[in-house]
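Student: Protein chains in written order, with the numbering used here: chain A, 100 to 529; chain B, 214 to 742.
For each residue, glycine too, the CB sits at the ideal point set by N, CA and C.
After the structure tokens below, expect a handful of questions from me.
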């Protein structure tokens with residue numbers, strides 16, 4: 100790919116400023132959509148591009164928009180999911196802070212396509228700077244008549260609001276986000292009905308991830324064929340990969356979908372730090388199975404990952420070297436899920452805390468071999484039995500750690516503690 | 214009307230039911246905590262997970278509408294495994310303090326543990342999440358946060374039924390807890406219902422807790438007599454003592470609920486003011502009498518008056534707390550044995566009585582509508598007219614059945630009206646009117662007698678005897694039957710006989726029987742159900 104789309108600030112300095120963005124074809128796609136295309140034509144192009152949701156689930160965006168009821172007399176809302184909170188994931192933040200207007204333009208085009216006149220950007224509370232960037236960019240764009248009334252003289256109106264969350268992982272779940280936006284506790288809703296039918300304030304609602312919306316202008320500008328030519332047909336387009344952990348050059352890389360995971364670690368991120376060996380990699384944030392070094396010859400797209408029992412998720416690649424204690428790593432992961440479980444469903448509320456307690460016990464050298472089986476059993480009982488997938492997101496990595504690094508868990512029992520090195524385990528948050 | 218198969222059993226049910234409801238109709242209980250038929254679907258407890266053919270994942274029964282051809286398995290290996298797993302999750306941080314928990318015996322955690330659980334405990338007590346104990350929520354309710362399974366029935370009750378919103382869920386994950394919003398108290402007039410909907414021992418009743426193990430209590434279905442709504446209730450009692458009232462489901466009257474005032478109404482039946490024996494006036498005080506003695510004295514007073522002043526000098530006032538049967542017997546006695554038309558109804562309530570547009574009625578009498586049907590209460594001024602006649606010396610003997618005239622008309626008025634009148638009083642308790650009586654016949658309270666009341670909507674509902682009345686008190690219908698025999702009238706053998714006679718002589722009651730009234734009541738003729 101010649102030029103960055105999503106991380107365009109790497110090519111064009113100050114692209115977050117409206118005058119710079121406009122000087123580089125900014126809002127041309129929106130103008131094209133609003134002035135020359137019908138809403139359903141925009142949706143058709145996005146459908147044809149096969150743009151799949153970048154929040155992790157990979158659901159085709161155009162198909163999702165198509166779920167909106169045709170005969171509803173209620174208003175339609177767009178919610179931009181900017182609650183980026185998956186561990187090892189920092190792609191949306193870059194777009195929000197550095198390439199702000201491409202997101203806003205994506206929101207404008209999407210709202211036109213789905214006939215929404217109100218959009219909310221739900222941004223996680225910790226992104227205080229990001230929220231400021233959005234507010235600033237929106238103010239500039241409103242000044243230029245790019246939002247508000249009668250945009251481009253087409254009669255199309257759109258109001259965009261930035262709503263800051265208060266720091267809960269579950270607000271990234273689309274129905275948790277909607278509840279939170281309504282001022283309620285972010286308990287995910289039972290589905291169906293899905294938000295497209297019954298969403299924000301009970302009205303038809305589309306929830307799209309930041310990166311997904313930021314892809315939309317390029318689809319309109321360059322056409323679906325162009326978009327589909329980038330990476331695999333089954334899930335094409337530009338993609339931000341984030342590599343973190345024990346690598347020489349951690350960072351973000353915009354590349355086509357379907358990059359080989361090995362290349363991401365060893366070429367783009369400069370290989371394992373200090374010449375050490377790779378031990379494990381979590382390629383999709385923390386919510387999906389861990390991979391061992393012999394599993395990294397896989398292409399990072401939705402379908403290739405699924406074929407080996409893994410997931411693309413957010414493509415937040417967390418790399419761990421040979422010195423990493425896998426019990427401690429899992430203890431940290433499950434501490435996160437324990438802390439973030441909303442507490443609505445019994446299996447998740449009780450299961451995440453139970454998992455974490457057992458892992459602390461193992462890591463401290465007080466575990467029993469039977470605990471390993473117990474952890475596995477708890478995970479099985481949590482999986483697939485709750486309102487949302489947070490329970491699965493805790494169980495999936497946990498079971499993969501147990502399966503793939505079982506010897507290390509057993510060693511913690513037989514040796515009465517961590518055989519690698521003693522690191523104090525943080526006490527459970529009160 | 215979808216037809217489906219549940220656990221191998223084919224059932225046809227009405228449209229719109231969920232799997233739990235449909236299974237219930239087939240006699241199958243799907244275990245559940247958060248689902249309550251009177252509240253919205255929350256789907257949080259995950260206890261009702263069942264297998265449905267052609268659906269890959271287990272589904273929660275509460276949120277799954279049945280459809281034609283559906284095949285449901287509530288007890289398959291997978292379903293039972295998931296239910297047992299959920300129960301295990303619920304118990305992990307539960308204190309397992311059944312020996313000191315008031316819910317024991319009616320706790321769904323206990324019940325389902327015996328059915329699905331029965332495994333060894335995997336969590337040491339000290340490792341459990343610790344939360345608040347004995348949290349005071351309001352005048353009725355105490356919360357134990359550790360026992361709570363966060364099913365959100367109580368919060369939904371306050372949001373959806375009373376719409377007072379006192380309770381919320383605070384914190385997150387396994388630190389979540391039910392609590393009051395700042396500045397709020399759980400003091401709405403229906404707050405006791407949260408104790409009933411709580412499936413575990415988290416919310417307990419300040420009034421009932423620690424008074425009795427529930428398995429020592431008998432349960433008698435009856436009707437609340439606190440007001441004209443007539444909420445259906447269960448009386449929980451042992452050896453003549455009532456421990457609590459709880460609402461009994463009736464979709465046409467109170468659904469699943471009752472008010473706190475009604476809940477406390479049981480106390481009114483066991484006060485020190487109960488009249489233990491028949492009494493006959495002896496100068497300024499009363500002498501204990503036998504029933505026969507009291508009956509004879511009453512009959513003599515009646516006959517003497519009849520002879521000297523004619524039958525219309527004998528009158529009766531029937532309070533609207535009397536049952537239909539009692540009111541019928543007394544008015545028939547006056548009409549047929551004495552020849553008097555002077556039977557008046559009285560439905561008095563304090564003018565400032567609390568009421569709302571839900572269950573609490575301004576009329577604090579359970580049977581005002583019944584007295585109207587019996588023709589005793591048409592304009593409402595009947596009792597007033599009888600008192601005026603008494604003031605003018607036209608009433609020489611007055612029967613008073615279940616009515617405290619002093620409360621209704623004031624001391625002064627009663628002084629001037631009843632000073633010269635022979636009063637034959639039938640009531641449960643001593644009250645301001647008792648001292649005007651010459652003959653007192655102690656009768657059973659609403660919880661101690663069989664009978665019927667007609668609620669404000671014209672629905673005839675049954676009272677059931679939970680236990681016999683105290684001392685020598687008799688059921689009102691028995692006392693009136695005794696009076697009748699003393700006045701050469703017919704005896705009544707049973708309450709169903711009395712009701713049978715009532716239905717034959719009062720058109721509004723035509724066709725009704727105790728069987729037809731059943732546990733849920735039946736509308737009077739001409740009243741839509």
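Can you round the beta-carbon distance between residue 274(B) and residue 258(B) to whole angstroms, since I take them to be within the 8 Å contact cut?
Tutor: 11 Å between Cβ atoms; not a contact.
Student: Using the DSSP secondary-structure output, state which residues sit across from residue 687(B) in a beta bridge.
Tutor: Residue 687(B) is bridged to 656(B).
Student: Just the chain B side, please: which residues come within less than 8 Å of residue 486(A) by C-beta, in chain order?
Tutor: Within chain B, the residues near residue 486(A) are 256, 257.
Student: Go to residue 505(B), then tell me how far its alpha helix (DSSP H) extends in each direction, as first and last residue.
Tutor: Counting along the chain, the alpha helix (DSSP H) containing residue 505(B) begins and ends at 504 to 522.
Student: Checking 8 Å against the spacing of the C-beta atoms, do residue 265(B) and residue 285(B) come in under that value?
Tutor: Going by C-beta atoms, residue 265(B) is nearer than 8 Å to residue 285(B).
Student: CB-CB under 6 Å to residue 487(A), same chain, minus the five flanking residues each way: which ones, in chain order?
Tutor: If we look at residue 487(A) and ignore the five residues flanking it on each side, its Cβ neighbours are 272, 287.
Student: Near residue 451(A), what residues of its chain come up, given a Cβ to Cβ distance below 6 Å and the 5 sequence neighbours on each side ignored?
Tutor: Answer for residue 451(A): 436, 437, 440, 493, listed in chain order.
Student: Can you name, in chain order, every residue of its own chain whose Cβ lies under 6 Å from the Cβ of residue 637(B), other than the five neighbours on each side?
Tutor: Answer for residue 637(B): 511, 612, 652, listed in chain order.
Student: Considering only the beta carbon of each residue, do residue 685(B) and residue 489(B) sit closer than 8 Å?
Tutor: Against a cut-off of 8 Å, the Cβ pair of residue 489(B) and residue 685(B) comes out as a contact.
Student: Once DSSP output is grouped into helix, strand and coil, what is the label at residue 271(B)?
Tutor: Of the three classes helix, strand and coil, the one that applies to residue 271(B) here is coil, per DSSP.
Student: Can you tell me where the beta strand (DSSP E) with residue 530(A) in it begins and where it stops?
Tutor: Look at the range of chain A in this structure, 100 to 529, and you will see that residue 530(A) is not part of it.
Student: Rounded to a whole number of angstroms, what is the C-alpha to C-alpha distance between residue 661(B) and residue 730(B)?
Tutor: Between residue 661(B) and residue 730(B), the C-alpha separation is close to 19 Å.
Student: Fully enclosed by the stretch 407 to 444 of chain B, which alpha helix (DSSP H) runs are 4 residues long or longer?
Tutor: Counting only runs of 4 or more, we get nothing.
Student: By how many angstroms is the C-alpha of residue 200(A) removed from the C-alpha of residue 254(A)?
Tutor: Computed Cα separation, rounded: 22 Å.
Student: State the start and end residues of the unbroken beta strand (DSSP E) segment that holds residue 307(A).
Tutor: Segment 304 to 308, the beta strand (DSSP E) holding residue 307(A).
Student: Determine, for residue 200(A), whether the minimum Cβ-Cβ distance to residues of chain B falls below 8 Å.
Tutor: Chain B contact via Cβ: absent.
Student: Taking all protein chains shown into account, decide if residue 536(B) is buried (16 or more other Cβ within 10 angstroms of its Cβ) or exposed.
Tutor: With 16 or more Cβ atoms within 10 Å of its Cβ, residue 536(B) is classed as buried.
Student: Between the stretch 453 to 486 of chain A and chain B, which residues of the former have a C-beta closer than 7 Å to a C-beta of the latter?
Tutor: Correct list: 453, 456, 473, 480, 483, 484, 485, 486.
Student: Which runs of the beta strand (DSSP E) spanning at least 3 residues fall entirely within the stretch 305 to 369 of chain A, listed in chain order?
Tutor: Qualifying beta strand (DSSP E) stretches, in chain order: 337 to 344, 350 to 355.
Student: Can you tell me where the alpha helix (DSSP H) with residue 509(A) in it begins and where it stops?
Tutor: Its alpha helix (DSSP H) spans residues 505 to 513.
Student: If you check the beta carbons only, do residue 374(A) and residue 330(A) fall under 8 Å apart?
Tutor: Not a contact, by the Cβ cut-off of 8 Å.
Student: Can you check whether the CB of residue 313(A) is closer than 8 Å to the CB of residue 304(A)?
Tutor: Against a cut-off of 8 Å, the Cβ pair of residue 313(A) and residue 304(A) comes out as no contact.
Student: Give, in chain order, every residue of the stretch 336 to 366 of chain B whose Cβ lies closer than 9 Å to some Cβ of chain A.
Tutor: Per Cβ criterion, the list reads 336, 340, 342, 362, 363, 364, 365.
Student: In whole angstroms, give me the CA-to-CA distance for residue 328(A) and residue 399(A).
Tutor: Their backbone Cα atoms lie some 16 Å apart in a straight line.
Student: Where does residue 402(B) sit, in a helix, a strand or coil, going by DSSP?
Tutor: Coil, per DSSP.
Student: Going straight from the alpha carbon of residue 667(B) to that of residue 736(B), what length do you get?
Tutor: Approximately 8 Å, taken between the alpha carbons.
Student: So, helix, strand or coil for residue 371(A), using DSSP?
Tutor: Strand, per DSSP.
Student: Is the beta carbon of residue 348(A) less than 8 Å from the beta carbon of residue 369(A)?
Tutor: Yes, Cβ-Cβ distance for residue 348(A) and residue 369(A) is below 8 Å.
Student: Might you give, ordered along the chain, the residues of its own chain that have their beta carbon closer than 8 Å to the beta carbon of residue 529(A), omitting 5 neighbours on each side?
Tutor: Note that residue 529(A) has pLDDT 45, beneath the 50 cutoff, so the model's placement of it is unreliable and the number below is only indicative. Hits under 8 Å: none found.
Student: Give the list of continuous alpha helix (DSSP H) stretches no shorter than 4 residues that lie fully inside the stretch 121 to 207 of chain A.
Tutor: You should have 127 to 135, 138 to 148, 160 to 165, 190 to 197.
Student: Tell whether a beta-carbon distance below 8 Å holds between residue 160(A) and residue 145(A).
Tutor: Yes.
Student: Going by beta-carbon coordinates alone, are residue 454(A) and residue 433(A) separated by less than 8 Å?
Tutor: Yes; because the gap between Cβ atoms is below 8 Å, this pair is in contact.
Student: Drop a sphere of 10 angstroms on the beta-carbon of residue 465(A), count the other beta-carbons inside from all chains shown, and report buried for 16 or more, exposed for fewer.
Tutor: Exposed, by the Cβ-count rule.
Student: Along chain B, which residues have their Cβ under 9 Å away from the Cβ of residue 443(A)?
Tutor: Chain B residues near residue 443(A): 255, 256, 257, 363, 365, 382, 389.
Student: Under a CB-based cut-off of 8 Å, is residue 329(A) close to chain B?
Tutor: False, the Cβ-Cβ gap to chain B never drops below 8 Å.
Student: Just to confirm, is the Cβ distance from residue 351(A) to residue 193(A) under 8 Å?
Tutor: Yes.
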